[in-house]
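Engineer:
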Amino acid sequence: MSHNYPLLPLRDIVVFPHMIVPLFVGRDRSVAALETAMDADKEIFLVAQLDPGE
0 MSHNYPLLPL
10 RDIVVFPHMI
20 VPLFVGRDRS
30 VAALETAMDA
40 DKEIFLVAQL
50 DPGE
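Just so we're aligned: 12 in numbering that gives the first Met the number 0 is position 13 of the sequence shown, and the numbers increase by one with no gaps anywhere.
1. Taking DSSP's pairing of strands, which residues face Val46 in a bridge?
2. Considering Ser29, what are the terminal residues of the alpha helix (DSSP H) in which it resides?
3. Leaving out the 5 sequence neighbours to the left and right, which residues in its chain are closer than 7 angstroms to Thr35 when beta-carbon positions are compared?
4. Taking the C-alpha atoms as reference points, what is the distance between Asp11 and Leu22?
5. When you compare only the Cα positions, how much space is there between Val46 and Ser29?
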């Protein structure tokens, strides 16, 4: 069974399972990813950016 999750790239932070962290987003795509997660099953795929400047 496969799932599609909204993707949120993170800058300067690594998040592990069951951690609670505040998410500050500003880009329209990031806001849309969080809104999609909140409208659906409330799961999101978080990834650490290799180069936070990108």
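Backbone N, C-alpha and C define an ideal beta-carbon position, used for all residues, glycine too.
These numbers come from a predicted model, not from an experiment.
Structural biologist: Short version:
1. Pro8
2. Ser29 -> alpha helix (DSSP H) spans 27–38.
3. Pro5
4. 12 angstroms
5. 12 angstroms
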